[in-house]
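Counting from 1, one number per residue, gives the positions in the sequence shown under the UniProt record's numbering. Ideal Cβ positions, reconstructed from N, Cα and C, are used throughout, including at glycine. These numbers come from a predicted model, not from an experiment. Beneath this line is the structure, given in structure tokens, with notes to follow.
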Amino acid sequence: MESQSSRPQRKRALQACDFCHARGLKCRRLPMTNPQPPEISHDCLTCIGYGMQCTMNRPVRKRGRKPAAPSGQTQTRTQTDSRPSDFKSPDCTRRLIEIYRDTMYQCYFPFLSENDLEVRWANGTPRADETSYMLLMALCAVSAQSLTLKAVFDSELLGDVNVHDSDTYFAEAVSHIPTRVPGSHDLDYLRTFGLLAVYSLRSGNKSDLHRYLGLCHALIAQHGFQNESYWDCSISLAEVDDRRRLFWCVYRLEIHSASVLGHIIRLPEAQVSVQYPRITPAMKRETQAWTAGWDYITDLFRLMEYAILNLRQQNHPKAVFTTFHDRPSPNALLESLSRLKTNKPFILRVLSQPHDEFQSNRCRYMAVQITCTEALVNIMALLHCHAPVSDVIKVAEDFLNEISEASLIMFKVASSQIIQQLLGADWCRI
1 MESQSSRPQR KRALQACDFC HARGLKCRRL PMTNPQPPEI SHDCLTCIGY
51 GMQCTMNRPV RKRGRKPAAP SGQTQTRTQT DSRPSDFKSP DCTRRLIEIY
101 RDTMYQCYFP FLSENDLEVR WANGTPRADE TSYMLLMALC AVSAQSLTLK
151 AVFDSELLGD VNVHDSDTYF AEAVSHIPTR VPGSHDLDYL RTFGLLAVYS
201 LRSGNKSDLH RYLGLCHALI AQHGFQNESY WDCSISLAEV DDRRRLFWCV
251 YRLEIHSASV LGHIIRLPEA QVSVQYPRIT PAMKRETQAW TAGWDYITDL
301 FRLMEYAILN LRQQNHPKAV FTTFHDRPSP NALLESLSRL KTNKPFILRV
351 LSQPHDEFQS NRCRYMAVQI TCTEALVNIM ALLHCHAPVS DVIKVAEDFL
401 NEISEASLIM FKVASSQIIQ QLLGADWCRI
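Given below as structure tokens:
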């Protein structure tokens, strides 16, 4: 082994001249052993070969490694660069909560009570290991979809549309779902799965839709949520109403997706023993109208369930157990719909008329949704009765004439849900 003294000493590379440095050429200096005239003492062989004047006029910079930044600054910079946006910030989540209350809560799926929306996340974002955090992310995912489509009643909530990515919130919520169906009676799991199912339906992802609807059904079956007698007797009346509305939200989502996608109905109302949320004198008239309208539409969805079943049974007349195969008469659906319209609460009859008390966005939207759902059930009942095509066309024309008076924002907020239901009538005949 050679000693260190015998090793050739490494020489520091000399600074290249301006010409070689600018062109990335090797600066070959003249050997220092050969005495040169003063005028060419700084020339290199490369400059001589190119016939250029060799100069060293550029500023000299300090060599060596640049000093490293403090560890705290480096860590902060790395975290900032790797984070696409502060989607969990209180400002972002608060705006998305307001969008949910402005659109989805008032119009379709009020999975949470209005008071809960105001109070629960008022002090900031919960810890990531809490079910409330998972619920918040699922709610933000649905609201971010509405934000991207600019489907909100209050235009002040739009702000910077590009800040919020619905897929980011969806992935964050999904990442906190337990691998097994939780044994806890925490209803935030059911709310989260319902919101994720809504998100998947609006995104057109059938696989995720069935996954989260399946988790909803699993929780309902595991905890007997379909029967009020299994509920905790110590909860308040307000919480009972919230649970009732939550259950019927899941039911309506199931019937809606069955009418749109043609899948089986896994939550039949014949096995349900849950009442509707109460209408109390303490409520404002506008809240009473909205609650009555929501309950009335739920009745229409229950009729829609039987319409779907009857239309499907027409193409499968052979039953294995004919003794237990009791079908209603073809006119039963039309008669039930007629009775439902006749017994419609008076407050809903004046809902579509100009009235100061009922000019809120959710009441005006409720009137549109009632019109659409009534028309859909009517068309399904006529198809079941093998009514003449002219009768079906007449219902469709009356519906279009009535719905044409609604403002465009109503359909923008509705997104594709109303159109999906109307187009889904053909699925029920398959």
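The region 251-259 contacting the region 113-123, beta-carbon criterion three pairs below 8 Å: No, they do not touch.
Delimiting residues of the alpha helix (DSSP H) encompassing Asp398: Per DSSP, the unbroken alpha helix (DSSP H) holding Asp398 starts and ends at 389-403.
Segment contact, 8 Å Cβ cut-off, at least three pairs: the region 276-284 with the region 217-234: Segments in contact, no.
Proximity of residue 437 and Ala221 at Cβ, strictly below 8 Å: In this structure the chain extends from 1 to 430, so residue 437 is not present and cannot be described.
Helix, strand or coil at Arg29 according to DSSP, with G and I counted as helix: Residue state for Arg29 is assigned as strand, using DSSP reduced to three classes.
DSSP three-state assignment for Pro70, whether helix, strand or coil: Reliability of the predicted coordinates at Pro70 is poor, the pLDDT of 48 falling under 50, and the value obtained from them is presented with this limitation in mind. It is coil, neither helix nor strand.
Expected contact under 8 Å - CB spacing of Asp154 and Asp102 to nearest Å: Between Asp154 and Asp102 the beta-carbon gap is near 5 Å, inside 8 Å, which marks them as a contact.
Test item: CB-CB of Lys88 and Thr125 under 8 Å: Contact: yes.
DSSP bridge partner residues for Cys47 (one or two, in chain order): DSSP output for Cys47 lists no bridge partner at all.
Which listed residue (Arg339, Glu239, Thr148, Asn205) has its alpha carbon closest to that of Asp186: The residue with the shortest Cα to Cα distance from Asp186 is Glu239.
C-alpha gap between Met410 and Tyr365, whole angstroms: Met410 and Tyr365: Cα-Cα distance of roughly 6 Å.
Rounded C-alpha distance that separates Ile297 from Ile370: For Ile297 and Ile370, the distance between alpha carbons rounds to 6 Å.
The region 338-348 / the region 295-309 touching (three or more Cβ pairs under 8 Å): Result yes; three or more Cβ-Cβ pairs closer than 8 Å.
Length of the line joining the Cα atoms of Ser200 and Thr192: For Ser200 and Thr192, the distance between alpha carbons rounds to 12 Å.
Of the residues Thr291, Lys394, Ala375, the one placed nearest Cys363, counting alpha carbons only: The shortest CA-to-CA distance from Cys363 to any of Thr291, Lys394, Ala375 is the one to Thr291.
Member of Leu334, Asp165, Ser143, Gly49 whose CA lies at the smallest distance from the CA of Met104: Among Leu334, Asp165, Ser143, Gly49, the Cα nearest to that of Met104 belongs to Ser143.
Close-in-space but distant-in-sequence residues of the same chain around Tyr212 (CB under 7 Å, 5 per side omitted): Close CB contacts of Tyr212 within its chain, under the 7 Å cut and outside five residues either way in sequence, are with Phe193, Leu196, Ala197, Ser200 (chain order).
Cα-Cα separation between Gln313 and Ser273, rounded to whole angstroms: Straight-line Cα distance between these residues: approximately 25 Å.
Cys20: CB within 7 Å of a non-hydrogen atom of the ligand FAD: You won't find the ligand FAD in this model; it holds no ligand whatsoever.
Exposure of Thr373, with buried meaning 16 or more beta-carbon neighbours within 10 Å: Counting the other CB atoms within 10 Å of its CB gives Thr373 a total of 16 or more, which places it among the buried residues.
Close Cβ partners of Val181 (< 8 Å) along its chain, the five nearest in sequence each way excluded: So the list reads Leu215, Ala218, Leu219, Gln222, once near-sequence residues are dropped.
Beta-ladder partner(s) of Asn227, from DSSP: Asn227 is bridged by DSSP to Ser273.
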